[in-house]
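The sequence shown begins at 0 in numbering that gives the first Met the number 0 and counts up one residue at a time.
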Amino acid sequence: MRGEAVALILLLLLPGCRQRPATQQILFLGHPYYWIDAGNRLDPLVEQRLQSNDFDQIWLGGDVCAKTTEKPETLHYLD
Numbered sequence: 000m001r002g003e004a005v006a007l008i009l010l011l012l013l014p015g016c017r018q019r020p021a022t023q024q025i026l027f028l029g030h031p032y033y034w035i036d037a038g039n040r041l042d043p044l045v046e047q048r049l050q051s052n053d054f055d056q057i058w059l060g061g062d063v064c065a066k067t068t069e070k071p072e073t074l075h076y077l078d
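Next up, the structure:
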């Protein structure tokens, strides 16, 4: 009985000893367009940040550009 209890405790505790996966650094930006411009570009500060390797993923949400679908060039720029 005692051996079974020890085995049970080990079975319950050992999975908790595994190393946790690394935390990801994710940047989410909502409505990151450059409102001073014609509405077809991201804010220049955002563009600079997109070039950095500080984050594992960068998510752009909301209105990425104020006039995203007005011109095909804007979609190519965002792609």
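Note that beta-carbon positions come from the ideal geometry of N, C-alpha and C, so glycine has one too.
Straight-line gap, residue i to residue j (C-alpha atoms, nearest Å)
i, j, result
"residue 32", "residue 42", "5 Å"
"residue 61", "residue 27", "10 Å"
"residue 45", "residue 22", "23 Å"
"residue 34", "residue 20", "39 Å"
"residue 67", "residue 74", "6 Å"
Collapsed DSSP secondary structure at residue i in the structure displayed
i, result
"residue 18", "coil"
N- and C-terminal bounds of the beta strand (DSSP E) containing residue i
i, result
"residue 8", "It is not in any beta strand (DSSP E) - residue 8 instead sits in the alpha helix (DSSP H) that spans 1–12."
Top-ranked residue by Cα proximity to residue i, from the options
i, options, result
"residue 36", "18, 64 and 72", "64"
N-terminal and C-terminal residue of the alpha helix (DSSP H) that residue i is part of
i, result
"residue 47", "43–49"
"residue 69", "Here residue 69 belongs to no alpha helix (DSSP H), and DSSP marks it neither H nor E."
Neighbour flag for residue i against chain D, beta carbons, 9 Å
i, result
"residue 54", "In the displayed structure, chain D is absent; only one protein chain is listed."
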